[in-house]
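Chains as they are written, first to last, in numbering that gives the first Met the number 0: chain S, 0 to 358; chain U, 0 to 358; chain B, 0 to 358; chain G, 0 to 358.
4 protein chains.
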Amino acid sequence: MSNLWGRNLRLSIFGESHGEGIGIVIDGLPAGYPLDLDKISFHMARRAPGQSELTTPRKEADQVEILSGVFNGITTGAPLCGMIRNRDTRSKDYMKELPRPGTADLTAHIKYKGYNDYRGAGHFSGRLTAPLTFAGSIARQILASKGIHIGAHILQIGPHLDEAFSDINAELLNGLTGLDFPVLNEAKAGAMKKEILQVAEEKDSVGGIIECAAIGQPAGLGSPFFGSMESSLASMLFSVPGMKGIAFGDGFDMANMRGSEVNDAFYYENDHIKMRTNHSGGINGGITNGMPIVFRTVFRPTASIGKPQNTVDLTTGENKTVAFEGRHDPCIIPRAVVVVESALALCLMDSLMEAGCEI
Amino acid sequence: MSNLWGRNLRLSIFGESHGEGIGIVIDGLPAGYPLDLDKISFHMARRAPGQSELTTPRKEADQVEILSGVFNGITTGAPLCGMIRNRDTRSKDYMKELPRPGTADLTAHIKYKGYNDYRGAGHFSGRLTAPLTFAGSIARQILASKGIHIGAHILQIGPHLDEAFSDINAELLNGLTGLDFPVLNEAKAGAMKKEILQVAEEKDSVGGIIECAAIGQPAGLGSPFFGSMESSLASMLFSVPGMKGIAFGDGFDMANMRGSEVNDAFYYENDHIKMRTNHSGGINGGITNGMPIVFRTVFRPTASIGKPQNTVDLTTGENKTVAFEGRHDPCIIPRAVVVVESALALCLMDSLMEAGCEI
Amino acid sequence: MSNLWGRNLRLSIFGESHGEGIGIVIDGLPAGYPLDLDKISFHMARRAPGQSELTTPRKEADQVEILSGVFNGITTGAPLCGMIRNRDTRSKDYMKELPRPGTADLTAHIKYKGYNDYRGAGHFSGRLTAPLTFAGSIARQILASKGIHIGAHILQIGPHLDEAFSDINAELLNGLTGLDFPVLNEAKAGAMKKEILQVAEEKDSVGGIIECAAIGQPAGLGSPFFGSMESSLASMLFSVPGMKGIAFGDGFDMANMRGSEVNDAFYYENDHIKMRTNHSGGINGGITNGMPIVFRTVFRPTASIGKPQNTVDLTTGENKTVAFEGRHDPCIIPRAVVVVESALALCLMDSLMEAGCEI
Amino acid sequence: MSNLWGRNLRLSIFGESHGEGIGIVIDGLPAGYPLDLDKISFHMARRAPGQSELTTPRKEADQVEILSGVFNGITTGAPLCGMIRNRDTRSKDYMKELPRPGTADLTAHIKYKGYNDYRGAGHFSGRLTAPLTFAGSIARQILASKGIHIGAHILQIGPHLDEAFSDINAELLNGLTGLDFPVLNEAKAGAMKKEILQVAEEKDSVGGIIECAAIGQPAGLGSPFFGSMESSLASMLFSVPGMKGIAFGDGFDMANMRGSEVNDAFYYENDHIKMRTNHSGGINGGITNGMPIVFRTVFRPTASIGKPQNTVDLTTGENKTVAFEGRHDPCIIPRAVVVVESALALCLMDSLMEAGCEI
């Protein structure tokens, strides 16, 4: 599906970076949930541009107008449409004829035969993650009321690594969401930020890795085969511009591990089946096992950079150079944290509904 | 969706490891394609168990009976159902009450309230990849007639690494599919095989990484956002038991790279837009750019092992030990290669149809 | 979707009339339901051909082999595939080059460029309703355990009308399912049967109307807009070959009625909201209101008839005459009753699951 | 699906009658189509309220704001969101506690546990057909460029009948869309209008039947089984509030017809296969046969009426009387004509795309 996602919680996303607006229709939300608009604004602000010197100077309040699905502040069960007007657009920075390497400029041009809205990457802009964050901010409110909490931290930017998740609890996760620059080991933040400022100065960009977790979800969520929790989450996360990889639990390290190492052994304690380790990242056979869900996603360096790069002129067929003068993020990671969390929240909502859980 | 995948090419999969049979319904296949049954058998044999000392000794011919959708050897356009009878089942090796760590035994038990067919992991068995391989073997016949070729190699098993793809061409990819143990650098195969035999002797298992590629697909395939090529492919591949991570192009290495390094610059040559590098793995903004699609998937060590592991008795609530006496693969990688290729073939078929390509 | 239906209960149907077999994959069935195979056989026999002089002499036991999804006689929650082998095929009666007027012979030929399996209408055969009846026979077992009952009667064949439903109760509906030729007023059956024998003798066919009802379903099932109960049911029923119209409650008579006549007024009795009339057929705004669901479907006269009809020769481009020598039903109504019931059962299952009802 | 429809052309609808606004996201539109905004406004005005004394006095310009998917007046291929603000709302006319018989007031209250926006029927309002008309007005522009034309007329209101379609051509259909009160036989309009004014005076309402047709579509559109043209069209049309029945071709009359009467015989003329009759309404086996698509839909009398009716007080459990003082249509038929046409246009677009037609 192109702009559609989900079976029980169904998302339909729309908009372009420099058009009238962007938004999302969320269908399947349970009726009767009061929305905490401050919490929505809080998460929207975490993603919004122009918040610090680490991000693009484009200023967008990203105020969401709720057009439907809420009555007297409470969800009605009907489709909820959230719409955000675009404000601070500077379309002159974008040149239709010179596709920027690494972006969707060329592929969108080909797919849509030149009719795509190329300004600010149009429908392919990272700006489309704002509606996803909005939807996620609603989902996490409902999840929190069920004792399910979500959080993420910056695991790597350039050569600088944070510590990985070890003991995960709700306090830790909620604490992370309150941080401007969420890392587990605060001492690591400085070098990361410095790296971002450095690449910004070089008119370049840098990639990074986000590690995300959820706690409190029951065992038994997800479906076999195509409906696995991993399939569901990956299908959403790979829609986020710049995301190039995802791995659950021990992920790519498992290539050099033994079954006896990575199998999370069971034991009984207080009438519950427990595990002492979580190499599987909380999922076995595509179904949650009750342990925290843990996964990592890698984001490429922002494709739009100020450095001159070789490109072609689509109108004349000449080899040219392009140096993007527009505003951009030198590193998308700080703003992507809440987007990754949102995707996890939405997947868990969908899975809870599929499992017939009382929501 | 649970057992369903796809929008234009639609798959519906069914079966359990030790039940009557397994199979798949493929809807949306174009009418008029003659099926080369030998090629289907060839790919089925690549996945089938019992082929060498590196794999499980379970013997299954995996002969597919085509129940519908083919008339006089040619696709009719109606749903094609392929069905495989289970033959060499040894269900006594499986104990309902002792879930094997790392498998879906416990999560399936919870999700289905104890009613799941637990024998040989039931519907969660890697055996369900046989129907996927069957469907893929049809898709790749059609793709090959369009000049699209798919191949994969074993990049890593345990500590042993093959070389990564560099120059990719049809001959290379088709050559790989003819190999029993596909690696780019033959000198690496020995150590990998030895590793597998070693862990088998230890009644243990080991993981690995497969690198897969496609060449010849046009630019412009895939859809923005939830319909990205990466989303589509990941949603299918994460249904394959044991798959725990996927990354496109330079993947996780991008965390420590600069935009100026990973952006694949454009140039004109002979009226075509080309790129000299392929850091993006052939996909920008979720849409193919005409370069080879390249990605890596990691598989966990097989969860079923002969070594004793701690578990619990679901009927008595006691802590127990389980040592799996049944047949299993010490490393799933050699048999998974064709499965990963099949997933890519099916995604490309679906995307070609979505793009309205003449098929 | 072509061969797919449903969101929570998902059906995937396959097969051709004269191919290896026909079948259905049912995904989303709840785990833990023991299947009463006798009840399945009972409903299959109601639809099976060759049961009386009123139907086609083709003999098919329509024995369903369950390939997956059932373990020890109980549903596992995994996809359930039921497969039926074709036995008594007489393909020589079918001529590829002479499309029979009123059938799908020509449209299938055009859509599939001549590659369709034309024998016995292939995938377009009414025989494909056998898998639907199988799936429905499972759904109605589960529904009955919740106090939901389904039944139907023959309302019209040719000029002969049965009485319409008035008081509907479980006993009445279950009684109807036990009848070979279900009518409310037994005195009407004779003329209807005579009409069928008469058209059979004339090598012609006749149409009819089935009236179907469900009782016991809770209020609140269905969804607004595209998910209305009427949308859901119509989308399935219009897949049944020969079905050309459907109307709920007072249906087409409403064109000449007043709002004050057809609005079903509410009253309180014993703490329940009730209605004395049921002009809406149990559905308001696409959602069940707790009253019986009642609707009518019209079936065209069987298109395959023995009388000579004008047609064209697809290979030579000549005007020709075709007189179908094969076996066919002079009236599809008697065998279609259980198919219509099955569609209602499957829709109700899907809606119950969507509503998160404990199943 | 609840607010979602379609496979190739995908609709997502949202909004409530008295909320901030209503709208639709259309995904899958081909890139490169210039939109004629006047034609959109023309069709919107045909459905808009307050146009004549025959309709509700509520005044809504129904001006659609296009938020995305269009750039320089041309479709981009990205999701197109059209949004309409609600203006002339008079919510005080609606009482949450007194459900109006025949409406969705009670069923929505039950399904959404009292949290539904009850004002003006909320999400269940006929007002939601405005976005559908908007989407249809785009689809019919594209269809017209392919030589496909759609039109409809009022076949019945109360006891007054127009003539049925006989010879159908593009001129006739386009002529009908230009009429305020489209009937084939103008002499019939007077009595119908009088009937509407009469029921309005009685504070009552009346139902009616619309007959709709399309011409110019190629043979071969639609899919077998669940994807039949009839399934597709019915699944959309039954989402329109008040629609209670649909029948194709000779419809319910077929119950008393012979196969030899209703089978549309074939003949060759000028290298084309033709039919002289169209009893099947242009569809055989769910696939278009090249003849005009013809069907009828019945709409119930508007449920909201000024006459007092028995109801219950949901808060006190008392039997009460409700007489709706709000504005409503005494007959929905005149405004529903363009909605029915729109549904057909959208289904044809979806089918053309499914068939891989160049659009």
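Every residue, glycine too, gets a C-beta built ideally from N, C-alpha and C.
If you're wondering where the values come from, they're calculated on a predicted model, not measured in any experiment.
To the nearest angstrom, how far is the alpha carbon of residue i from that of residue j?
i              : j              : result
V69 (chain S)  : T75 (chain S)  : 5 Å
L171 (chain U) : G150 (chain U) : 8 Å
A134 (chain S) : A354 (chain B) : 22 Å
A212 (chain S) : G241 (chain S) : 20 Å
K145 (chain B) : H42 (chain B)  : 19 Å
L236 (chain U) : S165 (chain S) : 27 Å
I332 (chain U) : N2 (chain U)   : 23 Å
I83 (chain U)  : P130 (chain U) : 8 Å
C373 (chain U) : K95 (chain S)  : In the structure displayed, chain U extends from 0 to 358; residue 373 (chain U) sits before or after that span and is not available.
E18 (chain S)  : L66 (chain G)  : For the sequence presented, residue 18 (chain S) should be read as Gly rather than Glu. Cα-Cα distance, rounded: 7 Å.
S51 (chain U)  : S40 (chain U)  : 17 Å
M290 (chain S) : F251 (chain B) : 57 Å
E324 (chain G) : G305 (chain G) : 6 Å
A143 (chain B) : I208 (chain B) : 25 Å
N255 (chain G) : M352 (chain U) : 43 Å
A302 (chain S) : D203 (chain S) : 9 Å
G244 (chain G) : A344 (chain B) : 20 Å
E340 (chain S) : G284 (chain G) : 48 Å
Bridge partners of residue i, per DSSP?
i              : result
S11 (chain B)  : B:L3, B:V24
T310 (chain B) : B:K319
N269 (chain G) : BP columns for N269 (chain G) are empty, so no partner.
I156 (chain B) : B:H159, B:G207
T74 (chain G)  : G:V69
G359 (chain U) : Residue numbering for chain U in the displayed model covers 0 to 358; residue 359 (chain U) lies beyond these limits and cannot be assessed.
G150 (chain B) : B:A212
Going by other Cβ atoms of all chains shown within 10 Å of its Cβ, with 16 needed for buried, is residue i buried or exposed?
i              : result
E163 (chain G) : At residue 163 (chain G) the sequence reads Ala, which differs from the Glu that was named. Classification of A163 (chain G): exposed, given that the 10 Å Cβ count is below 16.
L36 (chain U)  : exposed
S90 (chain B)  : exposed
P376 (chain U) : Past the edges of chain U, shown from 0 to 358, lies residue 376 (chain U), and the structure says nothing about it.
D116 (chain G) : buried
E317 (chain S) : exposed
P78 (chain B)  : buried
G248 (chain U) : buried
T314 (chain G) : exposed
R118 (chain B) : buried
R299 (chain S) : buried
Item to complete: Count the C-beta pairs between the segment 252-271 of chain G and the segment 176-195 of chain G that are closer than 8 Å, then say yes if the count reaches three, no if not.
Response: Flag = no, the segment 252-271 of chain G and the segment 176-195 of chain G do not touch.
Discussion item. Assess contact between the segment 56-65 of chain U and the segment 273-281 of chain U, defined as three or more Cβ pairs (one per stretch) separated by less than 8 Å. Is contact present?
Written reply: Taking a cut-off of 8 Å on C-beta distances, the segment 56-65 of chain U does not touch the segment 273-281 of chain U, as fewer than three cross pairs fall below it.
Worksheet entry | Interfacial residues, the segment 227-252 of chain B to chain U, with Cβ spacing under 8 Å | Under the 8 Å Cβ criterion, the segment 227-252 of chain B contributes no residue.
Worksheet item: Three or more beta-carbon pairs under 8 Å between the segment 217-236 of chain G and the segment 253-265 of chain B, yes or no?
Response: Judged by Cβ distances under 8 Å, the segment 217-236 of chain G makes no contact with the segment 253-265 of chain B, as fewer than three pairs qualify.
Worksheet item: When you check each C-beta in the segment 73-89 of chain G against every C-beta of chain S, which residues fall closer than 8 Å?
Response: Flagged, chain order: I73, T74, T75, G76, A77, P78, L79, C80, M82.
Worksheet item: Should the segment 97-105 of chain B be called in touch with the segment 18-37 of chain U, which here means at least 3 C-beta pairs below 8 Å?
Response: Judged by Cβ distances under 8 Å, the segment 97-105 of chain B makes no contact with the segment 18-37 of chain U, as fewer than three pairs qualify.
Worksheet entry | Residues, ordered as in the chain, of the segment 111-139 of chain U that lie near chain S by beta-carbon distance below 7 Å | Within the segment 111-139 of chain U, the qualifying residues are H122, F123, L127.
Fill in: Under 7 Å (Cβ pairs) to chain U, residues found in the segment 334-356 of chain G
Taking 7 Å as the Cβ-Cβ cut-off against chain U, the residues of the segment 334-356 of chain G that qualify are G355.
Worksheet item: Contact between the segment 120-127 of chain S and the segment 150-160 of chain S: three or more CB pairs below 8 Å?
Response: They do not touch, by the three-pair rule.
Item to complete: Could you run through the segment 14-37 of chain S and flag, in chain order, every residue whose CB is less than 8 Å away from some CB of chain G?
Response: Shown in chain order are the members of the segment 14-37 of chain S whose Cβ falls below 8 Å from a Cβ of chain G: G14, E15, G18, E19, G20, I21, G22, V24, D26, G27, A30, G31.
Worksheet item: If you pair each beta-carbon of the segment 192-204 of chain U with each one of the segment 314-334 of chain U, do three or more pairs fall below 8 Å?
Response: These segments touch.
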